[in-house]
Amino acid sequence: MKWVEDATEGIVVAGGQGQGSALTQLYGPEGLFVDTLGTLY
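Numbering follows the numbering used here, with no gaps: position 25 of the sequence shown is 22.
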């Protein structure tokens, strides 16, 4: 989830559709990293 300052709702930026190999899914993630520019790795 991404939360913008003062927001009342978050934005799903990764996953959220269960485990799998589709573009909207994560398959066995070990971890996530977000850099200072907001890029998700």
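Virtual Cβ for every residue (Gly too), placed ideally from N, Cα, C.
Nearest-angstrom Cα separation, counted from residue j out to residue i
i, j, result
"residue -2", "residue 27", "17 Å"
"residue 6", "residue 0", "7 Å"
"residue 30", "residue 11", "11 Å"
"residue 25", "residue 35", "22 Å"
"residue 32", "residue 17", "25 Å"
"residue 21", "residue 38", "15 Å"
"residue 9", "residue 23", "12 Å"
"residue 14", "residue 3", "26 Å"
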